[in-house]
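In mature numbering (1 follows the signal peptide of the UniProt record, and there is no 0), the protein residues as written are -28 to -1, 1 to 90. A virtual CB, placed ideally from N, CA and C, is assigned to each residue, including glycine.
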Amino acid sequence: MPAHRLRYLLPLLATLLLGACSEPPAPASFVNRVWSVSESPTVSKGMLYVFLSDGTLVLASNGNKPAFGQWQQDGADLVMIEEGQRYKTEVLMATKDILQLRQHNPGEPVEITLVPAN
């Protein structure tokens, strides 16, 4: 094959191979981790949130039985489903150390700052 044709073919092959070999995107940084409320005007400090990769939402607080709901990704945000009620939830920040949410419940939105549980 003439060299001038290789000049166009090699970048195309490299792009195709890299695309085929690349791994699927990692799940969001907050999934399958136990989070503890550190700040919120309405949610008890220390309440635990777990967003499992199968869409299960686990809520637990000291002295109470865990509650189970569901969560779904909605673009960059979430929908949290608790006791059959769907709540649009904005993800304000999601890093390995902080998860900040704004949940649109009936009434005023609720802001929650979570950190990894100890």
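Where M19 falls: helix, strand or coil (DSSP) = The answer is coil: DSSP assigns M19 none of H, G, I, E or B.
request  = Mind reading off the beta-carbon distance from G18 to S8? Whole number of angstroms is fine, and I expect it under 8 Å.
outcome  = Confirmed, Cβ separation roughly 6 Å.
request  = Taking only heavy atoms of the ligand ATP into account, decide whether any of them is closer than 7 Å to the Cβ of V3.
outcome  = Of ligands this structure carries none, so the ligand ATP is not represented either.
message = I'd like the list of long-range same chain contacts for P(-5), defined as Cβ closer than 7 Å, with 5 residues on each side in sequence excluded.
response = Residue placement at P(-5) cannot be trusted, given a pLDDT of 43 that sits under 50; the coordinates are not used to answer.
For E55, the three-state DSSP class (helix, strand or coil) = When DSSP states are grouped into helix, strand and coil, E55 belongs to the coil group.
query = Between which two residues does the beta strand (DSSP E) containing T85 stretch?
reply = Start and end: 82 to 88.
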